[in-house]
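Each residue of the sequence shown is one higher than the one before, starting from 10 at the first, in the working numbering.
Quick reminder that beta carbons are idealized off the backbone N, C-alpha and C, glycines included.
Below is one structure, written out as structure tokens; the observations come after it.
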Amino acid sequence: MTTLQSTAAAIERTPTVSVPSERAKLVYILAASHSGSTLLALLLAAHPRVSTVGELKLGHLGDPEQYLCSCREKLTRCTFWAQLSAEMSRRGHELDPTRAGTDFATDATPYVTRLLKPLHRGRLLETVRDSLLACSPHWRRNLPRIQERNAALVRSVLAVSNASAVVDSSKTGLRLKYLLRNPALDVHVVRLIRDGRGVALTYMDPGRFADARDPSLRGGGTGRSNNTYVMPIERAARLWRRSNEEADETVRSVPPERVITVRYEDLCADTDAVLERLFDFVGVDPGERVREFRRVQRHVVGNGMRLDDSSTVALDERWRSVFGPEELAAFERTAGALNRSYGYV
């Protein structure tokens, strides 16, 4: 039995906060990766009625004995994660943060894996995908189980945090598509957009531009480089473009009153005004927000910036000094038109 499991077993015997019987409120951040979703999730979770653990699909955490929670404890020794594990157990689900079973590709057959791999393709092609997936008995059995685990995890985070809304910074449109179909969840979508040139730079060198400021805390707190997925500018620009095309297609199926759009640059430039809009959207009192958001202890996994210690919200536009004419021209050829459509020049 791991340290987390043994601690959870002890906590399981203690009473917990009751959870309302109505649908659980989930605030889903829809964006290309490295668009500021971790920052936004932390800012939202500085409100006492909002909680987050980062990406609820909980993948790619590495060795839990080495991985740091945002509270700076090893994941296996974090009291919050032990409480969360105990709460999930009460609901009939064992929780291993490195294999949570909340990703819709969990335990997928090769046939299902191939069908889930492409990004969201629009209404017609999504209908084709759904029809092909329905041909798989494994998918028909597995999907309800994954939906149930997602709902249980959201309700468990609400219970342990005593919150009224949970933020999921998983970002992908295909995951959102299935969460929107979960009858136990009341899903609200924050469509987050960032200048594609800044995002492309993080794809090209994630170790320097998409991790903790302190090099010793990179790689989930191990100090190891996070440059597994480095790529050239053309591929980085294509990935940013395709991710945002997916997000735009996905959000078309969401009722307008359940979607709000935020630009990363606006969030950094006028944090108070943007957060006031967002808290109104979520349905909590903006006046209860804690401004020094790093002082609010949260237990987040994911992007390394969760381990930074400054509450100053600073715009990251390092691409302006790093990219030369060749990189800028390559980005423009691949993704310039979409970037301009979002207001970036």
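So, for residue i: in the same chain, excluding its five sequence neighbours on each side, which residues have a beta-carbon less than 7 Å away from its beta-carbon?
i: L118; result: The sequence shown places Thr at residue 118, rather than the Leu named in the question. The answer, listed in chain order, is S145, H147.
i: G207; result: D325, E326, W328
i: D281; result: none
i: W90; result: L13, C78, L84, P106, H308
State buried or exposed for residue i, treating a residue as buried only when at least 16 other CB atoms are found within 10 Å of its CB.
i: D220; result: buried
i: S179; result: buried
i: S42; result: buried
i: P24; result: The predicted position of P24 is uncertain, since its pLDDT is 34 and thus under 50; no value can be drawn from it.
i: M10; result: Since pLDDT at M10 reaches only 47, below the 50 mark, its modelled position is unreliable, and no value is offered.
i: V121; result: buried
i: D72; result: exposed
i: P334; result: exposed
i: R123; result: exposed
i: L134; result: exposed
i: P127; result: exposed
i: S350; result: exposed
i: G245; result: The sequence given here places Ala at residue 245; Gly does not occur at that position. It is buried - the Cβ of A245 has at least 16 other Cβ atoms within 10 Å.
i: S170; result: buried
i: D317; result: buried
i: E74; result: exposed
Run through DSSP, which three-state label would residue i get?
i: G63; result: strand
i: R200; result: strand
i: R272; result: strand
i: D318; result: coil
i: L35; result: strand
i: L128; result: coil
i: L210; result: helix
i: L53; result: helix
i: V121; result: helix
i: L194; result: strand
i: L189; result: coil
i: L77; result: strand
Might you give, ordered along the chain, the residues of its own chain that have their beta carbon closer than 8 Å to the beta carbon of residue i, omitting 5 neighbours on each side?
i: A161; result: M97, R100, G101, H102
i: A50; result: I38, T61, G63, V176, S178, V309
i: G352; result: R272
i: R267; result: V196, H197, V198
i: R298; result: A55, H56, L284, F288
i: S44; result: K180, L201, I202, R203, V208, Y273
i: L141; result: L124
Leaving out five residues before and five after residue i in sequence, what residues of the same chain have Cβ atoms less than 6 Å from its Cβ?
i: E157; result: none
i: G292; result: none
i: V260; result: R200, V268
i: L93; result: S165, V169
i: L189; result: V196
Can you tell me where the alpha helix (DSSP H) with residue i in it begins and where it stops?
i: T107; result: From DSSP, T107 is part of no alpha helix (DSSP H); its letter is neither H nor E.
i: D257; result: 242 to 260
i: F288; result: 280 to 291
i: V331; result: 328 to 331
i: P334; result: 334 to 350
i: S98; result: 88 to 99
i: F302; result: Neither: F302 is in no alpha helix (DSSP H) and is coded neither H nor E.
i: F218; result: 215 to 218
i: R227; result: 227 to 230
Nearest chain D C-beta to residue i closer than 9 Å, yes or no?
i: L210; result: In the displayed structure, chain D is absent; only one protein chain is listed.
**OP:** Would you list, in sequence order, the uninterrupted beta strand (DSSP E) runs of no fewer than 3 residues that lie entirely inside the region 130 to 186?
**Re:** 174 to 180
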